[in-house]
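Chains as they are written, first to last, in full-length UniProt numbering: chain A, 1 to 599; chain B, 1 to 599.
Just so you know, even glycine gets a beta-carbon here, dropped at the ideal spot from N, CA and C.
Okay, structure first, notes after.
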């Protein structure tokens, strides 16, 4: 069901109810741009990826949010072995910032991609739902209350004044009076007469002063002098965008009060519309139920930032915030790394996963739309519409977990699935390819990984030939003159640097040396973004420290931060590049195979 | 006539011809965002406005460019007193950045405004013309030539190798061979057989290897071993976005050459499409004819930046660049400040100007579309479509100049019009409301202008009352607690600071004091943006220095820059706001009347 400004307030109660009654959710977003992954290295730590990702997606926004609320009917008497009945309500929300000053970024290609896939941007810009962060909403509420308090005080004062004296007097000082130029006198006289007529008539209001700002100024002046206490005025905008003055009879205190009540009701409605889609996300957070996404890292980051709170620069804080807002997340792309699943699922692209789980050994249970308006069908291909993709993600989840015979009444209790909960898949990483929201990610030895640079003319075979004495290797290309080389035979690792042959233009570094260089180059930037030096996480980024106790790690971390802290100022001055540190030459990562992006 | 990717290459020759044959042009743009004018003060210098404007519009782009080419037919024999026949060709270009990495900014409200006025964003994103700056275009051309040179060398080498030996040998080293896992062996064998069949058949090509990246890697390896020298392979993307391998028979050197020629033709066409709309703007620049715009400052700045060159941070350089690219500009909004015109034109909003010049004492000559496809009609209201607005601007120009009986065969020679040429209107300035592209703008005494701050409860009358002893004043509100006050009676100026009454919460500064404060607050920022300290223009911004010789001014300027230079580092650390210096509290400028935005 499509939700825009046109049907939001009408549908909101039933949406909130659907969220409350759901067993689990699937979700998906469409964005105005994707964080660049150009600067992500295959052996980066998840923390580094997090920091690089938030740096590389400054002002992109979610423009479509798809939410599919699945409900698993409780098992009836004697139905223990019967598959449960699953129903769903699927929503496709358009969302777009309200407010004159809101600026966001777009990636040319992202917008074109969405438009090519049938995304209706005209609808988005005209009918997209507003949204607000928690801080925005608080501010809106405070401002509204303040406005209402000011008006209440003014009303009270006016009522008292009304009770105390008769006609208010026009301002005596004539120093501020603008002399009426001759050519304007006729218009002023006419307007004065027109208001006089109006006051004697049954008319409810009269519009005067459709001229320029100066002419209106003169008319306001005339009204203050002649009709103060008799009429109320408001500036209005006419259909042709010209401004004019609406003149009404001075209202009685009781009329003013009634009008004020109407205004308060309207302001509350406007506030609801302004917070808009955030109301749905807030309810989703409150539900504290399982939310499934496919390759959901960006969805998660953008949703937190746009509807809740700014993303912390501290990785641990980010995990804490995520758990507070969404305590149960499952990334089906990460679930696809399960060995039993991988046998039958060739590619973890969403549509390919759906194709794979539609066949044995998987089995997608039948799902029923609660109302026809919520129905999607896989025949009716709407790929890259957030609502459809959320629905498809839900089906993939149901298909994938059928492999483990998960009890759908309580999937998060399943012992296999538990291992995949709250782990968010990361693209392009060689081994530790997820963020663990509920703990630290493992660290692996990098002693068998080497960073090599070589002439631009070299191809895979040239690099591989250099490593011939050490057995088979795996190559991760960085750009046309550098790569990571991983030995299959770890035992050979400690002989490499000593015995590898010399070649002009070829250099080799241990992974530890590489991280040291990286730390020096990117340290600058971290320092710049962190307001609190102690949370600077460049040291975790120097990830090569492995196989040591946590205590040792913490100690090393501190030392690194200190030395890094002293470098900061000097580097900052030299380095003008706000994004890439000195890694300017790195082109799109190419990998030969085992690329976890596209298996 | 609407121009998108669909008809660009077909229409380009006739567009260039229309540009070459035109007598003058009218133009208009639609943008993704408007530079914020929040920080523009009514007594800013034009230079300050320029600098603030480029700072406040970082990544907005032109998404629609309207160009109306008017042609005034030469007067025939004895037609001297007959009004000339005027024809036009009007184009409405959609333009949109090409390329995966291009990021631009949008203002929420701007996009909504355009969508509400019927702008088709779906068309924009899908069919918008590409564009390029001069530097981009040079880079594209260099890259293309380099690619072609590399391919030419490779073709030559292959042809020689072909001539020298028979079958190329497969790589001998088996160190780099990936062992084929058992489960993949069947697929590899099947593919090998399939290619063998293909080579015996009449088929032109065969697609193999639609599996994952690893499977394709194995297939490439098999092909290198078994079919090297017999087939050519290319990676292709199938309809479902899966990748596969296209296998063709090995081409002969002659076939390769013919294919290469086709490729070069295609690359040239692609380059033309990539430079896209910039080709039209380059032609427009080359024409060196009159270009009319209405309120054209942002149009000019965005056009220069998007289709030509980055905007200089030096104001004089900006004027120089503009004159090089567009030597004859006329801003009809500035023309409307002419006293004779102002009598009959109440509002300088484009549509209102059109209404005004459609009546005596003005007379819009009849204009004829050269082809029906170019026709616009004022009845068919398409306001805020760039092409229509360009057409309307042209009609307004024709109407306005009819007041002076300008000879349309050579309007830029008209003595009255000359005074308005190359002067670009600036909104929100109190007096020097234009940029003079061909010289310095005048400086006015500010001795009768005062900057005042006061309690939030004060209204216009409260401020005006303070100035009662000095005669009538004009107020420019800055925010709810500050304003500029201008005395009508300049003679009283020098008594104000000495004799004005004390009031708690009321402070008053001369304009010179105000600029001094402003310089201190905004100095930081200028320093940050200028790479060359000597061009820092904060001192010109301190504009209050008037009635002195240029030599004196230069001297003072230097001193200011120096003292400002020493302050810079200290300020920079304290001041985190990248745009506003310390002027954070300034809200939208309100003016009581004489607001040149809306008269």
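Going along chain B in order, which residues have a C-beta closer than 8 angstroms to the C-beta of residue 102 (chain A)? Result: 107, 108, 109.
Proximity to residue 459 (chain B) [Cα-Cα], best of B:446, B:469, B:482, B:471: It is B:482 whose Cα lies nearest to the Cα of residue 459 (chain B).
Can you tell me which of the three DSSP states residue 346 (chain B) falls into? DSSP places residue 346 (chain B) in coil when its eight states are reduced to three.
In terms of residues, what are the limits of the alpha helix (DSSP H) holding residue 396 (chain B)? Unbroken alpha helix (DSSP H) run through residue 396 (chain B): 386-402.
Residues of the stretch 113-138 of chain B whose Cβ lies closer than 7 angstroms to any Cβ of chain A, in chain order: Per Cβ criterion, the list reads 115, 116, 120, 121, 122, 125, 126.
Mind checking if residue 346 (chain A) is an interface residue toward chain B, Cβ cutoff 9 angstroms exclusive? Chain B contact via Cβ: present.
Residue ranges of each beta strand (DSSP E) within the stretch 275-329 of chain A, 3 or longer: Listed in chain order, they are 290-293.
According to DSSP, simplified to helix, strand and coil, what is residue 180 (chain A)? Reduced to three states, the DSSP call for residue 180 (chain A) is coil.
Within 10 angstroms of the Cβ of residue 438 (chain A), are there 16 or more other Cβ atoms? Answer buried if so, exposed if not. Result: exposed.
Taking DSSP's pairing of strands, which residues face residue 507 (chain B) in a bridge? According to the DSSP secondary-structure assignment, residue 507 (chain B) is paired through a beta bridge with B:453.
So, is the C-beta of residue 97 (chain A) closer than 9 angstroms to a C-beta in chain B? Interface criterion met: the Cβ of residue 97 (chain A) is under 9 angstroms from a Cβ in chain B.
Tell me, please, whether the CB atom of residue 178 (chain B) is closer than 9 angstroms to any CB atom in chain A? Closer than 9 angstroms to some Cβ of chain A, the Cβ of residue 178 (chain B) qualifies, so yes.
Counting only Cβ pairs nearer than 9 angstroms, list the residues of chain A close to residue 211 (chain B). Listed along chain A, the residues sitting closer than 9 angstroms to residue 211 (chain B) by beta-carbon distance are 346, 347.
Among residues of its own chain, excluding the 5 on either side of residue 508 (chain B), which ones have a beta-carbon nearer than 7 angstroms to its beta-carbon? Non-local beta-carbon contacts of residue 508 (chain B) in its own chain, meaning distances under 7 angstroms to residues more than five positions away in sequence, involve 450, 452, 497, 500 in chain order.
With 16 other CB atoms within 10 Å as the buried threshold, where does residue 517 (chain A) fall? Exposed: under 16 other Cβ atoms inside 10 Å.
Show which residues of chain B have a CB atom less than 9 angstroms away from the CB atom of residue 501 (chain A). Contact of residue 501 (chain A) with chain B by beta-carbon distance below 9 angstroms is absent, the smallest such distance being about 14 angstroms.
Given that a residue counts as buried once 16 or more other Cβ atoms are within 10 Å of its Cβ, and exposed if not, what is residue 440 (chain B)? Residue 440 (chain B) should be labelled exposed.
Any C-beta of chain A within less than 7 angstroms: which residues of the stretch 14-35 of chain B qualify? Going along the stretch 14-35 of chain B in chain order, one finds 33 with a Cβ nearer than 7 angstroms to chain A.
Is residue 27 (chain A) near residue 11 (chain A), with beta carbons less than 9 angstroms apart? Result no, Cβ atoms of residue 27 (chain A) and residue 11 (chain A) do not sit closer than 9 angstroms.
Tell me, which residues are paired with residue 30 (chain A) by DSSP? Partner(s): A:64.
Separation of residue 383 (chain B) from residue 462 (chain B), as counted between CA atoms: Those two C-alpha atoms are separated by around 42 angstroms.
Segments assigned beta strand (DSSP E), at least 3 residues, entirely inside the stretch 1-46 of chain A: Those beta strand (DSSP E) runs which fall completely within the stretch 1-46 of chain A and span 3+ residues are 24-31.
Applying the criterion that 16 or more other CB atoms from any shown protein chain within 10 Å of the CB defines a buried residue, is residue 288 (chain B) buried or exposed? Exposed is the call here.
Option nearest residue 68 (chain A) by Cα separation, candidates A:389, A:139, A:106: The candidate whose alpha carbon is nearest that of residue 68 (chain A) is A:389.
Residue 225 (chain B) - containing alpha helix (DSSP H), residue span: Per DSSP, residue 225 (chain B) is one residue of the alpha helix (DSSP H) stretching across 213-226.
Hey, does residue 257 (chain A) have any beta-carbon neighbour from chain B nearer than 9 angstroms? Residue-level contact check: residue 257 (chain A) does not touch chain B, since none of the beta carbons of chain B fall below 9 angstroms from its beta carbon.
Compare the C-alpha of residue 398 (chain B) against each of B:324, B:290, B:123, B:186 and name the closest. Looking at the Cα atoms, B:290 is the closest of the given residues.
Quick one: does residue 472 (chain B) have its CB under 9 angstroms from some CB of chain A? Between residue 472 (chain B) and chain A, the shortest Cβ-Cβ separation is below 9 angstroms.
What is the rounded straight-line gap between the Cα of residue 65 (chain A) and the Cα of residue 127 (chain A)? Here the alpha carbons of residue 127 (chain A) and residue 65 (chain A) stand approximately 14 angstroms from one another.
Just reading off the beta strand (DSSP E) that residue 92 (chain B) is part of, what are its end residues? Run containing residue 92 (chain B): 86-94, per the beta strand (DSSP E) assignment.
Which residues in the same chain as residue 275 (chain B) place their Cβ atom closer than 6 angstroms to its Cβ, once the five residues preceding and following it in sequence are excluded? For residue 275 (chain B), where only same-chain residues beyond five positions count, the Cβ hits under 6 angstroms are 132, 137.
Looking only at C-alpha atoms, which of A:114, A:18, A:63 sits nearest to residue 87 (chain A)? Among A:114, A:18, A:63, the Cα nearest to that of residue 87 (chain A) is on A:18.
Please classify residue 448 (chain B) as buried or exposed, where buried requires at least 16 neighbouring CB atoms within 10 angstroms. By the 10 Å Cβ count, residue 448 (chain B) comes out buried.
Is residue 457 (chain B) buried or exposed, if buried means 16 or more other CB atoms sit within 10 Å of its CB? With fewer than 16 other Cβ atoms inside 10 Å of its own Cβ, residue 457 (chain B) counts as exposed.
Cβ atoms of residue 244 (chain B) and residue 207 (chain B): under 9 angstroms apart, would you say? It is a contact, given that the beta carbons lie within the stated cut-off.
Cutoff 6 angstroms; reference residue 368 (chain A); Cβ partners in own chain excluding five residues on either side: Take residue 368 (chain A), set aside five residues on each side of it, and the residues of its chain with a beta-carbon closer than 6 angstroms to its own are 87, in chain order.
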